[in-house]
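Going by the numbering used here, the residue at position 76 of the sequence shown is 63; the numbering climbs one at a time, nothing skipped. Even for Gly, the Cβ is constructed at its ideal location relative to N, Cα and C. Treat the numbers as computed from the prediction; the structure is a model and nothing was measured.
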Amino acid sequence: PVFTNVLLADEINRTPAKTQAALLEAMEEKQVTIQGETFLLPDLFFVAATQNPIEYEGTYPLPEAQQDRFMMKLIVDFPNLEAETQVLTNVINEAKTGQMPVSLLTEASLSQVKKDVKGVEIKDSVKQYIVEIIRKTREQEAVQYGASTRAAIAIAKTAQAWAYLAGRDYVTPDDVKQVVRPCLRHRILLSPYAEVEGTDVDNIIASIVGTIPVPR
């Protein structure tokens, strides 16, 4: 099942450590090794994973190294009334008609989008802004381990995509601010004291961003 374009790892924290390690190789090196033989994965290879934040029995917490491989961590809350009603309507209508989801993108068109996003400009001042944010995470008393250089890369790439979706060919500091929390929240390890105090990592990130001068 790994040989695909989109891999959904449902409830990844219920996956044993050995399987998690195999997924780590696939995500980082775009290849898998089976009985000593290495197989390359498709150029368009994307991993999305879910985990239940409430249930802990029978789970295997993801190592920091593997969490760092994920570009973003999105927190999905309960939908509002309108959205939840729409979900129910969609499921009922699909059950009546038997219609399957329709593909909206081809592999070729997605490859072109990927190429276009890479072409979105990031000025040196914005790059420095990103790095200053990352370095500041390592200086916080409430943080045991700050973000790695990989986090800076994730913020830059995600900001490029955000700017592209906004119809621009350049990244602004506001683009960085939009993506910084989902890019960092799983890469910052709080100190034991901060965890006991119930410190919210998103608040720490917001505080850090607020202390750094915005490039003009």
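8 angstroms Cβ cutoff met for residue i and residue j
i, j, result
"Ala129", "Ser178", "yes"
"Tyr116", "Pro202", "yes"
"Leu28", "Val(-7)", "no"
"Val74", "Pro66", "yes"
"Gln53", "Leu11", "yes"
"Leu31", "Glu94", "yes"
Inter-residue Cα distance where the pair is residue i and residue j
i, j, result
"Pro110", "Gly23", "One detail in the question is off: residue 110 reads as Lys in this sequence, not Pro. Near 44 angstroms, if we compare the C-alpha coordinates of Gly23 and Lys110."
"Ser98", "Gln147", "15 angstroms"
"Tyr151", "Asp162", "10 angstroms"
"Lys114", "Asp55", "20 angstroms"
"Glu81", "Pro88", "9 angstroms"
"His173", "Gly106", "27 angstroms"
"Pro50", "Lys164", "26 angstroms"
"Glu182", "Asp(-3)", "26 angstroms"
Contacts around residue i, its chain only, beta-carbon distance under 8 angstroms, and the 5 residues preceding and following it disregarded
i, result
"Glu108", "Asp156, Tyr157 and Val158"
"Tyr47", "Asn0, Arg1, Thr2, Pro3, Ala4 and Gln7"
"Ile175", "Thr124, Val130, Tyr132, Gly133, Ala134, Val188, Ile191 and Ile192"
"Pro160", "Val113, Tyr116, Val201 and Pro202"
"Lys101", "Leu31"
Contacting residues, own chain, Cβ-Cβ under 6 angstroms from residue i (five flanking each side not counted)
i, result
"Arg208", "For residue 208 there is no data in the structure shown, the boundaries of the chain being -12 and 203."
"Met206", "With the chain covering -12 to 203 only, the question about residue 206 has no answer from this structure."
"Val34", "Leu(-6) and Met14"
"Ala141", "Met58 and Cys170"
"Val118", "Ala139"
Selected residue, minimal CA-CA separation from residue i, among the options
i, options, result
"Lys144", "Pro50, Pro40, Leu28 and Phe57", "Phe57"
"Gln198", "Ala(-4), Thr136 and Arg122", "Here residue 198 turns out to be Thr, not Gln, going by the sequence shown. Nearest C-alpha to Thr198: Arg122."
"Gly154", "Ala9, Gly185, Asp103 and Phe26", "Asp103"
"Ser194", "Val167, Trp149 and Tyr180", "Val167"
"Ala36", "Leu61, Leu92, Ser96 and Lys17", "Leu61"
Counterpart residues of residue i in DSSP-defined beta bridges
i, result
"Gln18", "Leu27"
"Ala(-4)", "Ala36"
"Val130", "Leu177"
"Tyr47", "For Tyr47, which the question treats as bridged, DSSP gives no partner whatsoever."
"Glu206", "With the chain running from -12 to 203 in the structure shown, residue 206 is simply not present."
Neighbour flag for residue i against chain C, beta carbons, 8 angstroms
i, result
"Ala141", "The question asks about chain C, but that chain is absent: this structure has only one protein chain."
Contacts around residue i, its chain only, beta-carbon distance under 7 angstroms, and the 5 residues preceding and following it disregarded
i, result
"Thr20", "Glu12"
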